[in-house]
Structures are given as C-alpha cells and as structure tokens.
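**Student:** Let me give you the structure first, and then I'll get to my questions.
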Amino acid sequence: MAHAFRRKNIGEILVTQGSLNPTDLPYVIDRLKSTSKRFGEICLEEGLITEEALAIALAEQFGIDYVDARGIKLDESLLNSLPPDSVYRYRFVPLEEQGANLVILISDPTDVIKLDDLELLLDRPLTIKLATESAIAGILKKGEAASRVLREVSEDFMLQLVQENEKGEEILSMEKISADTSPIIKLVNSTILDALSRRTSDIHIETALEGVIIKYRIDGVLYRATEPLDIHFQAPIISRLKVMSELDISERRIPQDGRFKVRLNDKAIDFRVSIMPSAFGEDAVIRILDKESIASDLKGLTLETLGMNPREMRRLRKKIREPYGMVLVTGPTGSGKTTTLYAALTEIHTGEEKIITIEDPVEYLLRGIVQIPVNEKKGLTFARGLRSVLRHDPDKIMVGEIRDPETAQIAVQSALTGHLVFTTVHANNVFDVLGRFIHMGIDPYNFVSCLNCVMAQRLVRKLCNTCKYPIKHSDADLLESGINPDECREVVFYDAHGCEECNGTGYRGRSAIVELLDLNDTVRELIMSRAPVAQLKTAARDAGTIFLRESALEKVYAGETSLREINRVTFVE
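In full-length UniProt numbering, the protein residues as written are 1 to 573.
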C-alpha cells in the first residue's frame, strides 16, 4: 500500500489547529520519555485534547481525509462481500467501492502492518479515510455485523461438521484445535461477542425437535439469535461450554454449574454457566456479569438512573439513611433488586463508614466497598460469611439474598444490634415477604422491630423513542386492564413499531416500578397481631404506599411504556 506521506510533528499540528495549548507541549514530551504510550494517547488520557481533534490532526499528518462518521450506517451489501469477522478483527468500516479500490474508515493510520494484512486478506487496494475510534465502534455496534458473524459462523460450522462426521458424533479432540480452525470455538465466541453487543443479560442454548436454538434475554425478554442448528451439534456445543467452565465433560445426567471469564478490549467479563439435562440431551444458560461497567443507559449508579418514581425515591432515600435496621427489597429473579441495593449503597457511601457486602456472585464492583463472593464449594455460605462479616466491624451490610432460616436469623439480629442491613428475598409483593420470614421461624416481634421498609420491585421495558407512536385502545381493552375508560379520555397511550435502534423490538432499556411499605407503628401492630392482608393493604395505602399496578400505570400515562408491557409484568388486582 503506497502512500506518500509528508510526516509532520503531531504536537505541532495540534498546536497549530488550536486543539492543544502550547504550554502543555513540554509536559507531554516529558511524559513520552517515561512511558511506551504515544503522544496522542497521553493527550487524550490527560484530557488535553478531544478524540476528534486527534483524528483530524492524524489525518493531516498522514495526508488522508478525515470523515465525521456520525450518522453513517453499514452498507449491508458491501459487508456481505467481505470475510465475516474481518471488520471486527481489523476495526474498520467499509464505505464504498471506487473501481477496484475499497474505501474504508479506520482510526489508527500508524499501524501499517495491520493495514497491509487487511489489504492482503481482502485482495484489493484500499483507500484510507480517518474517523474516531468511538465513531467506528458505534457504527459496528449498531449495524448487523455481529449477528451476521454469528449467522455466517453457525452456517460454516454446520457444513464443516457434517463433512467431518456425518453421524454428528461428539469429537472431543476438537477442543484442542486452535480458534482459527475449530468451528465450535468460532460459534461459541461469536455468540458471546454478538450477545455483548446487544446488551444481553443471558444466553440460552436450548435443544428441541427442530434443532439447537440460541436465544438472548434482552431487557427481560427472550429473542432468537439464529435459525436452529442441526440437533446433532448440541453435544459439541455443550462440551465446549463445559471445557470453558472447567466442568465434567463425561457427566451428562445431572445438572452442573460453573463459570468462566473473558477479556474483551482490556475489560474482564464474568460468565456463569448452568448445564441442565433435558429430553434431547443437555441445555445451557450463560449469565453475563459485566462487573467493570454499568449498562450504557445507567450513567453512573444512582436511584435516579433506575427510573423510579420521584415520590417513592424520596421515601426510600429517607429509609436508607437511617442509622440501623433492615431495608428489604423483594421481587422475582431479574427484577433489578441487586442493582437497586447497589444504587442505595453508592448514594450513602461517604468513606466515613465501613460497608461490606456478601453476594452470590459479585455482579458490579463498587469503589470503596468491601465485596465478598459466596463460595459454597469451599464452605463460604451466606450464613457463615455473614458471621465473619460481623466480626469485621461493619457499619452497613448488604446480604445478596436471604435463602434459609439461619441467614435470616443472623440478618435480623444484626439489624437489631445497631447495623443497617440491606438484603433481598424472593417474594411477589411486600406482604408475601412478611409471611416468608415468619415461615422461616423468625420471631414476628423481632422482625417488625428491625424492619425499616419493604420494597417490591419489577422492571418494565421503556418504549423506543425513535419508533414509538400514539395508539387508541378500545374501552373493552381498557376495562380488561382494570382502567376506567371515562377517567383517561385525555390520556395519550403509546406503542412502538420496532426499528434498527431497538433491534426491531420496539423497546430500549428498562425502568423500575416499585411499591414501598413504610413500617409505621400501625402497620407493625397489624403484622404482630397476624391481621388479614386486606387490612394490611388499607393501612399501607393510608401510610402512602402506591402498589405495583398503580406504579406501572403511572409509567403508561407518562408515555414511557405500553399497556401490553405492564400487563406482561403486573396483573390487575
């Protein structure tokens, strides 16, 4: 690739452009002597210039065009003419064909060897244009590239494996084949890459009559990732996951649980794997735990980012700042209980008090907080860990989940002896929690004495702002949803078509709906006297509790979500 570059000094270019203050130049040059980083990298790291300014300066230095890549979309037909994983491996965006030349966008023109390799791979001359790294990453993430890689690799995998072994028998020696030649490893790796680019929380690998089906759980709902693979390839896929998770490949009759870690772009991501025997062999669920970052729609972890109603947020904030007692969050799996507790801990953490958590597993890393992972294989259970935590002089404790009477007893005692305890329990609403604890043998008097508040939570999907539209519901539909049509004649309801921004689902991101039971003296007395739930609900409403269905309807009336979505998550009482 012959480019006649007249090399200018990048620092001088930045100063001439007015992007870099001349007084900062000696400092950056001095830093260059003690680090292997480049001039531009140091400037970005120190916040002296913007990423765009660096890209414009590099374009001038190398004599190539700079392109503002915002709004550019991948050309699918052009993409289909390239090797399936090339855009990811070489981090480029194909723009157009100019005769025999292919015009591409890159972010680093200094890596000449990589560009030469790409030219050899594509077997055609390249015309280089420059854009920022974040712009290129955004284009690749929004496009169909990741799903196409998965589709291509899965097709490739099916063809190659059929040729290799027509009976579809498991070949364990395949595990030793390198990533470049093993279609199984390609399939699993591309599935994980595609899932990460789509904000997936879980990957489901299910075996049915039509074959092996890969599904993603996005915003709490399952979607198919590919067409079904041939059923004979179920065993090699599961074996690959077992090898990654250090599980027993030969054991196929009992459930197995494991975990593995993947490093992607200098970021470590943990995965929990659950293998379960089924009628057609074995199924797997992979839980993605991205500890080093909060989801992109959470700009920092606070109660505001959860989308909670401001009225309930004020009530909860008051409770999490009390000096001792128990704050209990309840809801089914995947309802955001742990994230809410993390947000609460982040808000109250000042550095003046010792905060310790015991979790299974540690899902996000919180700065300045001691986090302990449960390890049942080594004997570190919630109960045993909690006893040790209490000897560690904590002020505030978070127990990931109360599963057994022993943990419940220690947590209650901790709350009674001057600690503020945050914890979760699986129950459908705030009143079911009370029964759960009493059923576990906890003394009702001690329990209600230590309890500050109980909060039940669900997550509803938010309508995509790009493709949502007003919709008119019939009176029959409204009545079926427990809504009086006469009371909402002026309300504008919304739904969404589905577009590229939301992967065709009509929803993007989720928001919390909550019911918060504030334990005042009246409610405490009713609980201790084993009063009926109807009486408890009346007292709770008088104390300011808004129930889950009412909280969900507020989101609908505000145009944040749809009626069908809240009917999926809550029911009419």
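Cβ coordinates follow ideal geometry from the N, Cα and C atoms, glycine included. Note that the structure is predicted; figures quoted are calculated from it, not measured.
1) For E282 versus I213, is the C-beta distance shorter than 7 Å?
2) Using DSSP with H/G/I as helix, E/B as strand and the rest coil, what is M308?
3) Okay, do the stretch 355-373 and the stretch 479-487 touch, 3+ Cβ pairs below 8 Å being the bar?
4) Could you check what DSSP says for R272 in three-state terms: helix, strand or coil?
5) Can you tell me the Cα-Cα spacing of P109 and L44, whole angstroms?
6) Does DSSP classify M440 as helix, strand or coil?
7) CA-CA distance, T505 and R89?
8) Would you decide whether D202 is buried or exposed? Buried here means 16 or more other CB atoms lie within 10 Å of its CB.
9) From which residue to which residue does the beta strand (DSSP E) around S511 run?
10) Where E468 and E304 are concerned, what is the direct C-alpha to C-alpha distance, given to the nearest angstrom?
11) With three or more beta-carbon pairs closer than 8 Å as the criterion, would you say the stretch 125-142 touches the stretch 61-73?
12) Leaving out the 5 sequence neighbours to the left and right, which residues in its chain are closer than 6 Å to I275 when beta-carbon positions are compared?
13) Excluding the 5 residues preceding and the 5 following L563 in the sequence, name in chain order all residues of the same chain whose CB lies nearer than 7 Å to its CB.
14) How many angstroms separate the CA atom of N375 from the CA atom of R240?
15) For G336, count neighbouring C-beta atoms within 10 Å of its own C-beta (all shown protein chains included) and say buried if the count is 16 or more, exposed if not.
16) Given the structure, does T302 come close to the ligand ADP, in the sense that its CB is under 6 Å from one of the ligand's heavy atoms?
17) Would you mind sorting D117 into buried or exposed? The rule is 16 or more other CB atoms within 10 Å of its CB.
18) Quick check: the Cα distance between A208 and S511, rounded to an integer number of angstroms?
19) Would L222 be called buried (16 or more neighbouring beta carbons within 10 Å of its own) or exposed?
20) Are there three or more Cβ pairs, one per stretch, closer than 8 Å when the stretch 322-331 is compared with the stretch 426-441?
21) Helix, strand or coil: how does DSSP classify D289 here?
22) Run through DSSP, which three-state label would S278 get?
23) Thinking just about the alpha-carbon of each residue, which of I288, V569 and M398 is nearest to the one in Y342?
**Tutor:** On the basis of the data shown:
1) no
2) coil
3) no
4) strand
5) 17 Å
6) coil
7) 29 Å
8) buried
9) Unbroken beta strand (DSSP E) run through S511: Y507 to D518.
10) Before going on, a small fix: residue 468 reads as Lys here, not Glu. The straight-line gap from Cα to Cα measures roughly 23 Å.
11) Short answer: they touch.
12) Q256, E282 and A284
13) H473, S481, F493 and V556
14) 24 Å
15) buried
16) Among the components modelled here there is no ligand, and therefore nothing to report on the ligand ADP.
17) exposed
18) 33 Å
19) exposed
20) Yes, the stretch 322-331 touches the stretch 426-441.
21) The identity of residue 289 in the sequence shown is Leu, whereas the question assumes Asp. The answer is strand: DSSP assigns L289 an E or B state.
22) strand
23) M398
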